[in-house]
Ligand code: TMP
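Numbering (our numbering), first residue to last: 3 to 236.
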């Protein structure tokens, strides 16, 4: 399948139309940003890792009954996906205190949570993806009640599946971000699942195996992305 005109270029991916109206091609870049685009850089090989890891995660989740946009891998950096209309929501699941939640709540990173947290952010770069709740979603019309119920059900199921999957690979799933889209009127999982969108800590050493290495200048960024892919493919 060939790429036609580019539909959209984001911070980490480009999306192209294809001859099939219902299919897009996603092309993963090595560009990395943090803090809403304030910090910019390159993580060499990240596009390849994120493309292959997302493919593996989507296939695994499909097998467990979660519908996703993934169709097939086309090349090292490209995947064929269903042409969804993305819901303007970032869905964050937190198992352990970290990142913006740690700052917002004044709780030390690494603290276990008594219950899993689901947060919504309004996906809007100009506004810096502000945190919102269900009332904001319905009042503004970002999604309807049935869609939000499905998003929540899938997000918690995905968390259980991914926690077990990563644990088998010596990794603690701290938190992650999901995006969903509409395809033929149904909510399906879209975007990517990668070290850019998850916090992954090594069980044995506590080492951060994700984009926090870039965000916080911890070094060993490229090798760590490869390490995560190796554990998934291994
Ligand atoms: P946060 O602690 O910065 O809110 O991030 C929570 C999770 O969401 C973390 O796993 C990283 C991921 N994330 C994204 O995928 N994209 C983003 O733009 C942000 C801010 C976080």
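From the three backbone atoms N, C-alpha and C, an ideal C-beta is built for every residue, glycine too.
Measuring CB to CB, does residue 223 end up less than 8 Å from residue 211? As a first step, residue 223 is located in the chain shown; it is residue number 221 there, counting from the start. As a first step, residue 211 is located in the chain shown; it is residue number 209 there, counting from the start. No, they are not a contact pair.
Does the distance from the CB of residue 163 to the CB of residue 66 come in under 8 Å? In the chain shown, the residue the question calls residue 163 occupies position 161. In the chain shown, the residue the question calls residue 66 occupies position 64. Contact: yes.
Assigned exposure category for residue 27 - 16 Cβ within 10 Å defines buried: Counted from its first residue, the chain shown places residue 27 at position 25. Counting Cβ neighbours within 10 Å, residue 27 comes out buried, since at least 16 surround it.
Ignoring anything shorter than 3 residues or poking outside the region 16-95, list the beta strand (DSSP E) runs there in chain order. 25-30, 33-36, 41-44, 72-75 and 80-84
Thinking just about the alpha-carbon of each residue, which of 199, 174 and 213 is nearest to the one in residue 92? Along the chain shown, one-based indexing puts residue 92 at 90. It is 199.
Under DSSP, the alpha helix (DSSP H) around residue 163 begins and ends at which residues? Residue numbering aside, residue 163 sits at position 161 when the chain shown is read from its first letter. Segment 147-169, the alpha helix (DSSP H) holding residue 163.
Who are residue 175's beta bridge partners in DSSP? One-based indexing of the chain shown puts residue 175 at position 173. DSSP output for residue 175 lists 202 as bridge partner(s).
Contact the region 16-32 vs the region 138-155: 3+ CB pairs below 8 Å: Counting Cβ pairs under 8 Å, fewer than three are found: no touch.
Would you report the Cα separation of residue 214 and residue 235, rounded to the nearest angstrom? Stepping through the chain shown from its first residue, residue 214 is reached at position 212. Stepping through the chain shown from its first residue, residue 235 is reached at position 233. The alpha-carbon atoms of residue 214 and residue 235 are separated by roughly 22 Å.
Can you have a look at residue 191 and say buried or exposed, based on whether 16 or more other CB atoms are within 10 angstroms of its CB? Along the chain shown, one-based indexing puts residue 191 at 189. Counting Cβ neighbours within 10 Å, residue 191 comes out buried, since at least 16 surround it.
Using a beta-carbon distance below 8 Å, is residue 64 in contact with chain B? Looking for chain B here will not work: only one protein chain is present.
So, with DSSP's three-state summary, where would you put residue 107? Mapped onto the chain shown, residue 107 falls at position 105. Helix at residue 107.
In chain order, which alpha helix (DSSP H) runs of at least 4 residues are fully inside the region 179-233? Every unbroken stretch of the alpha helix (DSSP H) spanning 4 or more residues and falling wholly within the region 179-233 is given here in chain order: 214-217.
Endpoints, alpha helix (DSSP H) assigned at residue 141: Counting from 1 along the chain shown, the entry for residue 141 is found at position 139. Note, residue 141: alpha helix (DSSP H), 136-142.
If contacts are defined as beta-carbon pairs under 8 Å, then residue 32 and residue 54 qualify, I think. What distance do you get, rounded to the angstrom? Against the chain shown, residue 32 aligns to sequence position 30. Against the chain shown, residue 54 aligns to sequence position 52. That pair is no contact at about 14 Å.
Using DSSP's beta-bridge definition, name the partner residues of residue 114. Taking the chain shown and counting its residues from 1, the one referred to as residue 114 is at position 112. DSSP lists 98 as partners of residue 114.
Any chance the CB of residue 101 is under 7 Å from a heavy atom of the ligand TMP? Locating residue 101 in the chain shown gives position 99, counting from the first residue. Yes, the Cβ of residue 101 comes within 7 Å of a heavy atom of the ligand TMP.
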